[in-house]
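Numbering (this note's numbering), first residue to last: 30 to 242.
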C-alpha cells in the first residue's frame, strides 16, 4: 500500500538518496551510476569489507549513516525507491544504481512522494538458494579477473570460453564469492564435473581478492 512517509521514514529516504548521489557521477543531463545496489547498501551500513575499503567508500560522509536499519531493510527500501521512480538501475555491463531527477528533488526536500514501504523485520533469506543476487555487492574488478582465468583455461583446453563457464555463472561467482569447492557447488551453473575440472583457479582468485591481493 502506497503512502506518504513519516518524518523518520523521510529522513531515512533522504539519507539513502544522498548516499546514492555520493556514489554517482553528476553529468550535464543528470546522474550516472558508478556502483551497484549491493555496494551502495554496504557503504550506508558502514561495511568494513575489502571491496568497500579498497575504493575508499569509508571516506564518504554518508558511510555508515544508516547502519541501524540493517541489510534486509535497506535492500527492500532500495527496491521500493526503484519502483517508486526515485532511483534507477542503469543496465550496461553491470547494473548500476543512481538518482532520477525526481529522486534528486526528494533528496533536497523539494517535493513530496509516496512509496510502498518495506516492513522493518526485513525477512531476508540467507540460504544459497534464497539469495537475491541484486542484494549482493557486484565487484567488477573481480568479475574481470574471473574472465581472465576463464580465457586462460579456454585457451589451454582449446574450447570456447562459454564451455568453461558462461558469463552468468561468472557473475554469480563474483557476487557469492565462494572460497571452497563445497561453496562453489552451490553456485548456479556449476556441477560436480565442471567443478572438479575447472573451479579451483576461480576459487583461488576469489581468495586472493578477499585477502587484498
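Glycine residues also receive a C-beta, built at the ideal position from the N, C-alpha and C atoms.
Inset, instruction - Please confirm if the region 126-146 is in contact with the region 37-49, defined as three or more CB-CB distances below 8 Å between the two stretches. - result: Put simply, the region 126-146 touches the region 37-49. At least three CB pairs are less than 8 Å apart.
Legend entry - Minimum C-alpha distance to residue 70 - residue among 189, 208 and 52: For residue 70, the nearest C-alpha among the options comes from 52.
Inset, instruction - With DSSP as the reference, label residue 162 as helix, strand or coil. - result: Note that residue 162 has pLDDT 47, beneath the 50 cutoff, so the model's placement of it is unreliable and the number below is only indicative. Reduced to three states, the DSSP call for residue 162 is helix.
Inset, instruction - Reducing DSSP to helix, strand and coil, say where residue 132 ends up. - result: helix
Inset, instruction - Return the CA-CA distance between residue 236 and residue 176, expressed in angstroms with no decimal places. - result: 16 Å
Inset, instruction - Could you work out which residue in 190, 169 and 168 is closest to residue 178 when comparing CA atoms only? - result: Among 190, 169 and 168, the Cα nearest to that of residue 178 is on 190.
Legend entry - As assigned by DSSP and simplified to three states, the class of residue 124: strand
Inset, instruction - May I ask you to report which of helix, strand or coil DSSP gives residue 115? - result: coil
Legend entry - Proximity winner among 65, 64 and 48, relative to residue 73 (alpha-carbon distances): 48
Legend entry - Spatial distance of residue 126 from residue 240 (CA atoms): The alpha-carbon atoms of residue 126 and residue 240 are separated by roughly 27 Å.
Inset, instruction - Using the Cα positions of residue 30 and residue 146, report the straight-line distance between them to the nearest angstrom. - result: 8 Å
Inset, instruction - Please classify residue 62: does DSSP put it in a helix, a strand, or coil? - result: DSSP, reduced to helix, strand and coil, places residue 62 within a strand of the structure shown.
Legend entry - the region 59-67 contacting the region 111-127, beta-carbon criterion three pairs below 8 Å: Pairwise C-beta distances place the region 59-67 in contact with the region 111-127, as three or more of them are shorter than 8 Å.
Inset, instruction - Confirm, please, whether the CB-CB distance from residue 90 to residue 75 is below 9 Å. - result: no
Legend entry - Three-state class that DSSP yields for residue 56 in the structure shown: Per DSSP, reduced to three states, the secondary structure at residue 56 is strand.
Inset, instruction - Indicate the three-state DSSP secondary structure (helix, strand or coil) for residue 31 in the structure shown. - result: strand
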